[in-house]
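These notes concern the structure reproduced below.
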Amino acid sequence: MIFYRDWHRPAVITVDLDDTLYDNTDIIKYAEYYIREKIGNDYLNGILLSEKLYKTLKSQIAGKCPQLINDVSLLRFFTYKEFLMQKGMMSSEAANIAVDLVNDFIRVRSHINVSRETLDVLQRIKGHYPLIGLSNGNANFDLAGYTGYFTDILYPNVNVTAKPHYSLFYQAAWLAGCEISGVCHIGDDAVTDIYGSISAGAMSVMQTQFRNDSRRLSVLPNVVINDISELIQLLEC
Numbered sequence: 045m046i047f048y049r050d051w052h053r054p055a056v057i058t059v060d061l062d063d064t065l066y067d068n069t070d071i072i073k074y075a076e077y078y079i080r081e082k083i084g085n086d087y088l089n090g091i092l093l094s095e096k097l098y099k100t101l102k103s104q105i106a107g108k109c110p111q112l113i114n115d116v117s118l119l120r121f122f123t124y125k126e127f128l129m130q131k132g133m134m135s136s137e138a139a140n141i142a143v144d145l146v147n148d149f150i151r152v153r154s155h156i157n158v159s160r161e162t163l164d165v166l167q168r169i170k171g172h173y174p175l176i177g178l179s180n181g182n183a184n185f186d187l188a189g190y191t192g193y194f195t196d197i198l199y200p201n202v203n204v205t206a207k208p209h210y211s212l213f214y215q216a217a218w219l220a221g222c223e224i225s226g227v228c229h230i231g232d233d234a235v236t237d238i239y240g241s242i243s244a245g246a247m248s249v250m251q252t253q254f255r256n257d258s259r260r261l262s263v264l265p266n267v268v269i270n271d272i273s274e275l276i277q278l279l280e281c
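Letter by letter, the sequence shown follows residues 45 to 281 in my numbering.
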């Protein structure tokens, strides 16, 4: 545990989910592969949506409608729909299939392996602080089986800007009934979590256990930890 900034006891704990509480890499790769195979096998007679083309289409759609960047599920829907229409489907049929594909993606990517140690840490924190999840992703934590550890889980959408924007951090402070300085955010990403929370006026803890973000930090967090269990000592739980 390394301290870089002043530290005080927070009023509410917010925590990023993917790659902060568990390693998200393999399950996302598998979910992407699963959907590419499903599109080809179930709908397009073997024509696959390549990873490169998916990224190209997604970028093009986001360029035309930038607010979709804040809602990864909706952006995914329009990307699937566009690909299916390019392969000759009518808009209504493509839209119906795209909805099913997004739901399938979320279902598969929500098979998350959260360790018993991490769940015990969340339970300890929950007994002392409001605990709010802040995620730019789209995992379904009812499917994952651990929504009960959180007071709330907040996601961006087309009307709420994703991290590193201050919106989710301020929303968490409002829900907890505290000033933004009373928020302590725990995350792995140098930009969305660390820069975002510090810029908003919250405290920041960088968690490197599952992903060590090698990008240069533009701002330092208050604390760096490399094991989720260190939160017990830090938060005096």
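A virtual CB, placed ideally from N, CA and C, is assigned to each residue, including glycine.
Exercise. Per DSSP, A228 forms a beta bridge with which residues?
Worked result: In the sequence as displayed, the identity of residue 228 is Cys instead of Ala. Partner residues in the beta bridge of C228, as assigned by DSSP, are I57, M247.
For this session: Measure from the alpha carbon of N180 to the alpha carbon of each residue in Y48, L112, N266, then state which is nearest.
Result: When C-alpha distances from N180 are compared across Y48, L112, N266, the shortest belongs to L112.
Exercise. Three-state secondary structure (DSSP) at Y83?
Worked result: Checking the displayed sequence, the identity of residue 83 turns out to be Ile instead of Tyr. DSSP, reduced to helix, strand and coil, places I83 within a helical segment of the structure shown.
Exercise. Going by Cα to Cα distance, which pick from I197, L101, Y78 is closest to R153?
Worked result: It is Y78.
Problem set entry | heavy atom of the ligand HEM below 8 Å from A246 C-beta | Annotation note on the ligand HEM: not contained in the displayed structure, which lists no ligands.
For this session: Check F185 in the structure and name its three-state DSSP category.
Result: F185 sits in a helix when the DSSP states are folded into three classes.
Problem set entry | Range of the contiguous alpha helix (DSSP H) that encloses L24 | Here the chain covers residues 45 to 281 and nothing more, so residue 24 does not appear.
Exercise. Touch check for the stretch 123-132 and the stretch 235-247: three-plus C-beta pairs under 8 Å?
Worked result: Taking 8 Å as the limit for Cβ pairs, the verdict is that the stretch 235-247 does not touch the stretch 123-132.
Exercise. Any idea if K207 is buried or exposed, counting beta-carbon neighbours within 10 angstroms, 16 or more meaning buried?
Worked result: Classification of K207: buried, given that the 10 Å Cβ count is 16 or more.
Problem set entry | Closest by C-alpha distance to F213, when choosing among M45, W51, V59, F47 | Of the candidates M45, W51, V59, F47, the one whose C-alpha sits nearest the C-alpha of F213 is V59.
For this session: Could you give the DSSP three-state label for N19: helix, strand or coil?
Result: Shown here, the chain extends from 45 to 281; a query on residue 19 therefore has no answer.
Exercise. How do the stretch 258-267 and the stretch 59-76 stand: do at least 3 beta-carbon pairs fall below 8 Å, yes or no?
Worked result: These segments do not touch.
Problem set entry | Assumed close pair F283, I197 - CB separation to whole angstroms, cut-off 8 Å | A query on residue 283 cannot be resolved here, the shown segment of the chain reaching from 45 to 281 and no further.
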